[in-house]
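What follows is a single structure, written as structure tokens, with notes after it.
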Amino acid sequence: MTRYADLASDLLKEAANFFIRISEGNPEAKEQMLQNAGTFQHMADLIREDPEGSVEHLSHAEMAARLMEDASKFFETIAQGNEPIREQMLQNSVVFGELAKHVRENPTAEVPPSQVAE
């Protein structure tokens, strides 16, 4: 059974890895990208391990959804100036945005099998 929290965790980890790759080729943004990577990795762990938990009255699901929405906007921004990766970044933006809604609503709900990539 794959839960929305599990998918969110996987995507947050992928975003963390993306930020690390950006940091390696962009010394001016390295510190910020590594900080982003750490935040996304930590949230990926929290949402997978305790999707209904909270920190200081903010649920892990809400925090994960907010980060995913931020990532969605970031991917849109990258798409604007990078024609070779534009389509992929726009697809990433949509996926992150849609999953954020599901995680916010019910992170422990099972993802329909038709929506889970093999």
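Anchor point for the sequence shown: position 41 equals 41 in my numbering, and the numbering is continuous, going up by one each time. Even for Gly, the Cβ is constructed at its ideal location relative to N, Cα and C. The structure presented is a predicted model; accordingly, all values stated were derived computationally and were not measured.
Run through the DSSP bridge pairs and tell me what S54 is partnered with.
S59
Might you give, ordered along the chain, the residues of its own chain that have their beta carbon closer than 8 Å to the beta carbon of M43, omitting 5 neighbours on each side?
L12, H60, M63, A64, L67
Going by C-alpha distance, which of M1, H57, A8, R3 is nearest L99?
A8
Where V116 and T2 are concerned, what is the direct C-alpha to C-alpha distance, given to the nearest angstrom?
8 Å
Alpha carbon to alpha carbon, what distance is there between F75 and E49?
26 Å
Using beta-carbon positions only, say whether A5 and I20 come within less than 8 Å of one another.
no
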